[in-house]
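Each residue of the sequence shown is one higher than the last, beginning at 385 in my numbering.
By construction, the Cβ of each residue, glycine as well, lies at the ideal position given by its N, Cα and C atoms.
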Amino acid sequence: MLALVAVLPIVTALVLMVGLRWPATRAMPLSWLVCVVGAIGVWGLSPMYIAALSLQGVVTAVGVLIIVFGAILILFTLKESGAMETIQYGMQTISPDKRVQAIIIGYMFAAFIEGAAGFGTPAALAAPLLLALGFPPLAAGVTCLVFNSFPVSFGAVGTPILIGLNFLRDPVAGAVKAGGVNFVDYPTFAKVIGEWVTTMHGPMAFILPIIMLGFLTRFYGPKRSWSEGFSAWKYCVLAGACFVVPYLIFAWAMGPEFPSLIGGLVGLGALVSLTKKGVCVPKETWDFGPQSGWEAEWTGSIATSAQTEFKPHMSQVMAWMPYILIGAILVLTRVNQLPLKAWLSAQTIPFTGILGYKTVNASLQYLYLPGTIPFVLVALITILLHRMDGKKTAAAWGTTIAKMKAPTIALVFAVALVSIFRGSGANPEAAAAAAAAGQAFTALPSMPLALAQTVASFAGNAWPMLAGFVGGLGAFITGSNTVSNLLFAEFQWDTAGVLGMSRQIIVAAQVVGGAAGNMVCIHNIVAVGAVVGMVGKEGLFLRKTFWPFFIYCVIAGSIASFLVFVHGSSYF
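Here it is as structure tokens:
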């Protein structure tokens, strides 16, 4: 019964956005209201506690909105300065083939940004660039959402593993003390999990690009043909090799901090160089066809470039300089060994004891958020680098501000819903009343945990196949692989122990599923919809990304099942 009530807000969002095609600006407030009713009526939470949790979510939403604002600002600053047309010109010199451009930008460039920043940043940056290169807005957004998967487990310099599995520190220490595992410390455990994660992600780095290009040509090409995308399979394999080799080396040799960062950076340089030499590049050039033949639902409020010939307004180095600065600043501010990360992350606006509840806290790391440093910072630097006048600068900022209204409404209610989900496992008023009466009090499991426990009770030995879907559910609800791991890692650990399966492999499946869940999470979809001008059409993105997510989890689940079958519980 708890699971049925907990799933209602999710079902509401799905029905309204996917079935009835409501915009997230209307669907998410209603979904939040359904969550509130369940929290009060079934979980017994007080309205004041729910208000505190909602305010906690608002603070988190502000952080996400700062990232969205910065990404949109970069896009329109580059448009106004002439840099975007220069980049388009340069991309045409590499290859005018949209399949090749999708791989270089949607796959490789986004993987590097994911490794450095994470938290939805790659899709928010890469999608507008594809849009400017002539991709339909829907195709640009879906491409970047789907590719923002296998790099995610090592995103933000390893945050989903290093921070996301934090609640496993005590269980791991207990297992070491009991002699059931040979790990000497948590960092070693995190590295081992990263090794299993690459085992599950690795094949998808080759398979997913082929699927995605087939998807592009089938649903957005003039001939509506799968084969036009699949015919570029050699180029996809080449791209996969460029990324996976450094990805595996750094995961197995150094740990979870740098696989995606270095894999994307090295892979991007190698792939661009090989593409210019024509290695594995398809012989025939593929494009989306004239915009007059596009379906109405593909487009939004930001016009796709209709130009077929572009002129450079500056050098390629100068045009790309904002992105180069973004990448460099992200690395400098995200590496633990450098002092900038500690200083920037310490600059916070704290919100402690919201509405008097000691356990309901939030904070805004206003300088550590990618939206401020580097996005807004680089946008300001670009004004000087590209010698923009006041009129162009005002146009870029004015357009950006105008486009923030709809995503603000959707994200505030979506993240407030997530906060209630996460906080529903505590009931401070009921606990205080029981303590005053000298009685014991046991809170109900949180809404996400109730859902996961119900699924596990029916799964049994099929759990390795389903563990990734739980991770994906967590990402869908919370918008973060890191938070999904924080929610479900202990549950996955315990479930594996009860079923006599390798805890390492099952926890790794959780991490992989949470990464795949980035394709379908509401946060990312709203953010991407905003930067490509398709606010209110979030349901379209969700319908397109669900099947790649499903296929991803099935393949990763099959690998996990095979690993569990081979190793049993020999790997603790």
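- Cβ contact annotation for G651 (same chain, cutoff 6 Å, sequence separation greater than five): M492, C626 and F627, in chain order.
- Bounds of the beta strand (DSSP E) holding A746 are A746 to L748.
- With fewer than 16 other Cβ atoms from the protein chains shown falling within 10 Å of its own Cβ, K775 counts as exposed.
- In the displayed model, I547 falls within coil according to three-state DSSP, outside both helix and strand.
- Relative to E679, the option among L947, V484 and G605 whose CA is nearest is G605.
- The closest CA to that of A435, considering only P723, S808 and I767, is found on S808.
- Taking the Cα of P520 as reference, the smallest distance to any Cα among Q472, F672 and W406 is reached at F672.
- I906 is a Cβ neighbour of A408, given a cutoff of 8 Å.
- Excluding residues up to 5 positions away in sequence, T543, P544, I547 and G548 lie with their Cβ nearer than 7 Å to the Cβ of T866 in the same chain.
- Where F627 is concerned, the enclosing alpha helix (DSSP H) starts and stops at W617 to A637.
- Under DSSP, I767 forms no beta bridge with any residue.
- With at least 16 other beta carbons inside 10 angstroms of its own, A800 counts as buried.
- One Cα belongs to A455, the other to K725, and the distance between them is close to 21 Å.
- For P734, the enclosing beta strand (DSSP E) begins and ends at I733 to F735.
- Residue range Y570 to Y604 is occupied by the alpha helix (DSSP H) that includes P593.
- For the set T572, L597 and V719, the Cα lying nearest the Cα of F531 is the one of L597.
- DSSP, read as helix, strand or coil, puts E679 in coil.
- Between A390 and the set A445, F573, T838 and E922, the nearest pair of CA atoms involves T838.
- Here N908 is buried, its C-beta having at least 16 other C-beta atoms within 10 Å.
- In terms of Cβ geometry, M584 and A516 do not form a close pair [threshold 8 Å].
- Distances from the alpha-carbon of Y741 to those of P393, L439, V421 and L388 put L439 closest.
- Rounded to the nearest angstrom, the Cβ distance from S803 to G441 is 3 Å, consistent with a contact under 8 Å.
- Each of D481, I757, K695 and L522 was checked against the Cα of G466, and the nearest Cα belongs to K695.
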